[in-house]
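When the letters of the sequence shown are read in order and numbered with the working numbering, they come out as residues 595 to 896.
Positions of the beta carbon are idealized from the N, C-alpha and C atoms, including for glycine.
Just so it is clear, the structure is predicted and the values come from calculations on it, not from any experiment.
Single-structure report; data block below.
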Amino acid sequence: ETAKALWFVYLTITIMCASLYKFFGMSWFDAVCHSFSTISIGGFSTHDENFAYFEQTSLRWTAVVFMVISGINFALHYIAWTKKRALHYFYDSEVKLYLSILLTTGLITYITLYLSSTNSSYLFSDSIFQAVSIGTTTGYLTSNYSNWPLFVPIMLLTVAFIGACAGSTGGGIKVIRALILMRQGIGEITKLIHPNAVVSIKLGRKSLDPRVSESVWGFFSIYVAVFVVLLMFLLSQDNNFLTSFSAVGATLNNLGPGLGDVANNYKELNASSKLGLCLAMLLGRLEIFTLLLLFTPAFWRN
């Protein structure tokens, strides 16, 4: 029943997205293809120019809205649909951090581009669009963000490591894990100041089971280890650091666009590099543990 309910919510949001795309100027073919790509946070387009093909600002803002929606836990969408309550989004700690990250990233991107005198008739919309697209790991492009001041693409790629919310179609380590790691770190600092203090991590009004925070730290450590191994492998294939770092980050987080030699596509990489990145994509989409479990001897003994 839960799977059916979530599937119903997914289709409903997709139909709404396609209808608005059509209303603001897309053909039905483009609208349907881009709606599935948007809600699935896939980032694929029917045009070589990606989303830059569509010059209507209304289409770009529509994509921004639905990328943000798709990056939120679909269980919250289901609650909003069935119980007619929209305010519950703003009571969720993960959603509040998620929206704060996207908004802050978008504003920093705009301010940086504005101060660097970047010439663009869509400067504000491009800044917000790319911040949301990269931050949610969708991967749509309205401009070649790799040509922006290097601080901006590196910042956007870093935000993509956090990704979207748990229970969404986005990639990354997920906002809820980042939130737990952050609060755990703050708790450890508090314990250093007050050794006898009993510090518990809270999400909303509930205290978090220590076992959950342990599993998050376990996931994060494996994630970092996998990233470093894949990064070293790409460096061993004579790829430069920026290309290797961004390619592994983009594939492990299911983002797509990278920097350096993979800013436009990955065709310049050799076969071994591409195979390594294929593994990164599988690990990222299956959230690492699922795939690594298959190679654990204890799994097969039972």
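Tell me the DSSP secondary structure of residue i in three-state form.
{"i": "Ser815", "result": "helix"}
{"i": "Lys616", "result": "helix"}
{"i": "Lys768", "result": "coil"}
{"i": "Leu797", "result": "strand"}
{"i": "Pro891", "result": "helix"}
{"i": "Trp742", "result": "coil"}
{"i": "Phe761", "result": "Phe is not the amino acid found at residue 761; the sequence shown has Gly there. Gly761 falls in the coil class under three-state DSSP."}
{"i": "Gln831", "result": "coil"}
{"i": "Phe602", "result": "helix"}
{"i": "Pro789", "result": "coil"}
At which residues does the alpha helix (DSSP H) containing residue i begin and terminate?
{"i": "Thr676", "result": "668-677"}
{"i": "Pro747", "result": "745-756"}
{"i": "Met661", "result": "651-664"}
{"i": "Tyr683", "result": "No alpha helix (DSSP H) contains Tyr683, which DSSP labels as neither H nor E."}
{"i": "Ala646", "result": "From DSSP, Ala646 is part of no alpha helix (DSSP H); its letter is neither H nor E."}
{"i": "Ile705", "result": "687-709"}
{"i": "Phe630", "result": "622-633"}
{"i": "Ala841", "result": "835-846"}
{"i": "Ala865", "result": "865-879"}
{"i": "Leu717", "result": "717-729"}
Rounded to whole angstroms, what is the Cα-Cα separation between residue i and residue j?
{"i": "Met875", "j": "Thr837", "result": "16 Å"}
{"i": "Ile705", "j": "Glu688", "result": "26 Å"}
{"i": "Val726", "j": "Ser664", "result": "11 Å"}
{"i": "Tyr734", "j": "Leu600", "result": "24 Å"}
{"i": "Ser621", "j": "Cys627", "result": "10 Å"}
{"i": "Leu886", "j": "Met661", "result": "30 Å"}
{"i": "Trp675", "j": "Asn864", "result": "48 Å"}
{"i": "Met749", "j": "Val856", "result": "17 Å"}
{"i": "Arg679", "j": "Leu605", "result": "20 Å"}
{"i": "Lys768", "j": "Phe623", "result": "32 Å"}
{"i": "Cys872", "j": "Lys677", "result": "41 Å"}
{"i": "Ile702", "j": "Pro891", "result": "47 Å"}
{"i": "Lys598", "j": "Tyr672", "result": "11 Å"}
{"i": "Leu775", "j": "Thr608", "result": "33 Å"}
State the CB to CB distance for the pair residue i and residue j, rounded to an integer number of angstroms; the pair is presumed to be in contact (CB under 8 Å).
{"i": "Gly870", "j": "Phe827", "result": "5 Å"}
{"i": "Ile882", "j": "Val820", "result": "6 Å"}
{"i": "Asn847", "j": "Phe755", "result": "6 Å"}
{"i": "Gln650", "j": "Phe617", "result": "Not a contact, Cβ separation roughly 11 Å."}
{"i": "Tyr708", "j": "Gln724", "result": "The pair is not a contact, with the Cβ atoms about 14 Å apart (cut-off 8 Å)."}
{"i": "Ser639", "j": "Phe630", "result": "Going by Cβ atoms, the distance from Ser639 to Phe630 rounds to 11 Å, so no, they are not a contact pair."}
{"i": "Val793", "j": "Gly781", "result": "4 Å"}
{"i": "Gly761", "j": "Phe668", "result": "6 Å"}
{"i": "Val658", "j": "Ile722", "result": "6 Å"}
{"i": "Thr632", "j": "Thr732", "result": "7 Å"}
{"i": "Tyr692", "j": "Ile666", "result": "7 Å"}
{"i": "Ser694", "j": "Asp720", "result": "Ser694 to Asp720, Cβ: 21 Å. No contact."}
Using the rule of at least 16 other Cβ atoms within 10 Å of the residue's Cβ for burial, across every protein chain shown, is residue i buried or exposed?
{"i": "Val810", "result": "buried"}
{"i": "Thr784", "result": "exposed"}
{"i": "Phe839", "result": "buried"}
{"i": "Ile635", "result": "buried"}
{"i": "Asn790", "result": "exposed"}
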